[in-house]
Amino acid sequence: MAKPVTLVTFVLPSMLGHWGSGATEVRVFAVADSAEASPTLGAALHTLRRTHPTLERRLCDEYGGIRRHISMFVCGENARRLGGLSCALPPGAEVYVMPAL
Numbered sequence: 033m034a035k036p037v038t039l040v041t042f043v044l045p046s047m048l049g050h051w052g053s054g055a056t057e058v059r060v061f062a063v064a065d066s067a068e069a070s071p072t073l074g075a076a077l078h079t080l081r082r083t084h085p086t087l088e089r090r091l092c093d094e095y096g097g098i099r100r101h102i103s104m105f106v107c108g109e110n111a112r113r114l115g116g117l118s119c120a121l122p123p124g125a126e127v128y129v130m131p132a133l
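Taking the numbering used here, the leading residue of the sequence shown gets 33, the next gets one more, and so forth.
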């Protein structure tokens, strides 16, 4: 069976735009770990690491987690409250990236 895939749009603040090739939106595909699982925020960041490595380094720490001074919102909810990197992403998910307040 094929693994589920979803297109994820990272919406960036203008101060991070130049790390994303000058764009304020970066689209990547998130692939689930197995046929029964859903694509996760961690899977989307893994793809981002390959396509936009300098941007990914600004969002994630050296251990692969979300940096403390960065907040990510998935469908209007803080990703940390939804399970962090294991947060399941619905089809066409938008992840808003914001500096933590």
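Note that CB positions come from ideal geometry on N, CA and C, so glycine has one too.
Model, not experiment: these values are computed from the prediction.
- If you draw a straight line from the Cα of Asn110 to the Cα of Ile98, it is about 12 Å long.
- Burial check for Glu94: the Cβ neighbour count within 10 Å stays below 16, so the residue is exposed.
- In the structure shown, Thr56 adopts coil according to DSSP, grouped into three states.
- Annotated three-state conformation of Leu39 is strand, per DSSP.
- Counting along the chain, the unbroken beta strand (DSSP E) around Glu126 starts and ends at 126–131.
- Taking a C-beta distance under 7 Å as the contact criterion, Val37 and Tyr128 do not qualify as a contact pair.
- Of the residues Gly74, Leu77, Met130, Val58, the one whose Cα lies closest to the Cα of Phe105 is Met130.
- As DSSP reads the structure, Ser66 sits in no beta bridge.
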